[in-house]
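**Student:** With my numbering applied, the sequence shown corresponds to residues 538 to 1052, in that order.
Backbone N, C-alpha and C define an ideal beta-carbon position, used for all residues, glycine too.
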Amino acid sequence: MGCATLDLVGAASLKLNTNTHFLRSPKPFLSFVGPIRSRNLNGPSLTFLTCHAHKSRPSVSLRAQSTAAAPEEERVVVLVIGGGGREHALCYALKRSPSCDAIFCAPGNPGISNSGDATCISDLDISDSLAVISFCRKWDVGLVVVGPEAPLVAGLVNDLLKAGIHAFGPSSEAAALEGSKNFMKSLCDKYGIPTAEYQTFTDPSAAKQYIQKQGVPIVVKADGLAAGKGVIVAMTLDEAFEAVDSMLVKGSFGSAGCRVIVEEYLEGEEASFFALVDGENAIPLESAQDHKRVGDGDTGPNTGGMGAYSPAPILTKELQDLVMKSIIYPTVKGMSAEGCKFVGVLYAGLMIEKKSGLPKLIEYNVRFGDPECQVLMVRLESDLAQVLLAACRGQLSEVSLNWSAGSAMVVVMASKGYPGPYEKGSVIRNLDEAENVAPSVKVFHAGTALDPDGNFIAAGGRVLGVTAKGRDLKEACDRAYQGVEEINWPGGFYRRDIGWRALPLPLKQFVTRLN
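1. Should Q746 go down as buried or exposed, given a rule of 16 or more other Cβ atoms within 10 Å for buried?
2. Given 8 angstroms as the limit, is there contact between the region 1020–1029 and the region 961–975, that is, 3 or more CB pairs closer than that?
3. Where A928 and P741 are concerned, what is the direct C-alpha to C-alpha distance, given to the nearest angstrom?
4. Determine the DSSP secondary structure at E804, reduced to helix, strand or coil.
5. Skipping 5 residues on each side, what residues in its chain have a beta carbon closer than 7 angstroms to that of D920?
6. Flag this pair as yes or no: are the beta carbons of G645 and G622 separated by less than 8 angstroms?
7. Hey, out of A711, K758, S650 and F790, whose CA is closest to L987's CA?
8. Assign T985 to one of three DSSP states: helix, strand, or coil.
9. Tell me the DSSP bridge mates of K1006?
10. Taking the C-alpha atoms as reference points, what is the distance between E804 and E890?
11. Taking Cβ positions, are S944 and Y884 nearer each other than 8 angstroms?
12. Ignoring anything shorter than 4 residues or poking outside the region 836–901, list the alpha helix (DSSP H) runs there in chain order.
13. Answer with buried or exposed for N973, where buried requires no fewer than 16 other C-beta atoms within 10 angstroms of its C-beta.
14. To which residues does DSSP link Q911 through a beta bridge?
15. Anyone know if the C-beta pair for G670 and I702 falls short of 8 angstroms?
16. Please state whether DSSP places N1025 in a helix, a strand or coil.
17. With 16 as the cutoff for other CB atoms within 10 Å, does K870 come out buried or exposed?
18. Ignore the nearest five residues each way along the sequence and tell me which others in L898's own chain have a CB closer than 7 angstroms to its CB.
19. Cα separation between G692 and G706?
20. Just reading off the alpha helix (DSSP H) that I755 is part of, what are its end residues?
21. For N719, count neighbouring C-beta atoms within 10 Å of its own C-beta (all shown protein chains included) and say buried if the count is 16 or more, exposed if not.
22. Inspect the beta-carbon positions of V757 and A743 and report whether they are closer than 8 angstroms.
23. Quick one: what's I798 bridged to in DSSP?
24. Beta carbon of D858, beta carbon of G842: below 8 angstroms?
25. Are the beta-carbon atoms of V617 and V682 separated by less than 8 angstroms?
26. Checking 8 angstroms against the spacing of the C-beta atoms, do I798 and T737 come in under that value?
27. Of the choices S789, E807, A996 and T656, whose alpha-carbon is the least far from that of K953?
28. Express the C-alpha separation of E806 and N850 in angstroms, rounding to a whole number.
29. On the DSSP bridge assignment, give the partners of W940 in chain order.
30. Per DSSP, what are the beta-bridge partners of S952 in this structure?
31. Is T1004 buried or exposed, if buried means 16 or more other CB atoms sit within 10 Å of its CB?
32. Look at the alpha carbon of N902 and the alpha carbon of L968, and state the distance between them as a whole number of angstroms.
33. Within the region 690–727, note down every full alpha helix (DSSP H) run reaching 4 residues or more, in order along the chain.
34. From what residue to what residue does the beta strand (DSSP E) around V669 run?
35. So, C910 versus A713, is the Cβ gap smaller than 8 angstroms?
36. In whole angstroms, what separates the C-alpha of G1036 from that of L913?
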């Protein structure tokens, strides 16, 4: 199997286009209220700090920072690509990185701006590689961190690397691990990586015959990127057939659903496993567990994630070592052998099988998960900028990560109707009060905007990630839900049982102003 053209199903093949079409975009507007830091200045240096949200364009404020704190440490300006909760969490962690001189986020969102976690460049076209490269050269950006999957699959990292700019994330070829579920499954077959049994189909009749033979429950997946919604866990034959027709006949997922994977249903407990990869080496991040279903008790349709906690007790040290040995390392070596080394985050969605207690790979994502990134970034104590630069340079073997003790939890607040049709524009209040209601509470913005009066409003499906740390999971849970309870948002909802698998007692059922 190769990376440019993959033999997928019979005569069908997936051709990965590494060519990028460059479009011209307007130059970003920045108004500074102080001088820009110079690398040649003696004495105190001046550093970009934050972007204040305005109704027009952002302005950057600066703070004094003594170079004596780390005289030999490499300094870096970072650009984060994206504008969701994951990117807000990355900016938050980078802001705490001692070696970071400035953090830009494109396009960012008003919550990132208002929090002071980064300077948002809303008019930088992140689909235009030439515009991104020009911005990096103009503002001396030394590291680009690509958050969402779409720019990775489109080849933004390829173009940045050709321009000599460090970029954390996989090439478009390596991003096929997420961009095509069949590519991932083919890699598993070739390199002996444990995963669910499956078949791939383009013909709906053949898919239905296979489903009839296998029986239910069964899983139907769109092959391509479907914004976290292309997986149907069918409990009946009618549901499975409907999923096949939706993808292959009705084209509900566009080109992403022109090929489907029909996969055995695995019973057990899901867990998220993250590893940083530099092409040859891999180091694990702390464990985390997501909650994919929209409703309490893991009911309803799948979502992009309704909450998460870290660490995940189900991922014991022994199990983490097994995941690295049987899943992560074979993937890294397999990708290298296929001629498309992987650099970035491998996010393995795992099922810890009930019958065997062993992990199987459900899917790969090629970027930090959302909302798992939020709980990981509030716990990370290492200099994130230097860790990611080490990955870009193939030096992860020299890196060890430090994490805060205790636990962290994030509760996602979503627009009513999500993951189906939902309304935008409902006003959200008391966000500052939520962050002050208990220690270590942080509200990450995933889908917010500002109305003409300067109020935060909902602008997406998953809108906020209320995150908290605690000495243990119960304390983190209590603090996160206290933050949620403080927020006044009649247009939103949330799950009330995040962490239920790991907590010994039933969670408190909050009755809040959301209802």
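**Tutor:** In terms of the structure at hand:
1. exposed
2. yes
3. 42 angstroms
4. coil
5. S634, P635 and S636
6. no
7. S650
8. strand
9. A945
10. 6 angstroms
11. no
12. 854–860 and 866–874
13. exposed
14. BP columns for Q911 are empty, so no partner.
15. Sequence check: residue 670 is Ile here, not Gly. Cβ distance < 8 angstroms, so I670 and I702 count as in contact.
16. strand
17. exposed
18. C725, I730, P731, T732, I864, A885 and L887
19. 10 angstroms
20. Not the alpha helix (DSSP H): I755 falls in the beta strand (DSSP E), residues I755 to A759.
21. buried
22. no
23. T737 and K758
24. no
25. yes
26. yes
27. A996
28. Per the sequence shown, residue 850 should be read as Pro rather than Asn. Approximately 11 angstroms, taken between the alpha carbons.
29. L917
30. G1029
31. buried
32. 31 angstroms
33. 693–699 and 713–716
34. From DSSP, V669 is part of no beta strand (DSSP E) but of the alpha helix (DSSP H) over S666 to K675.
35. no
36. 15 angstroms
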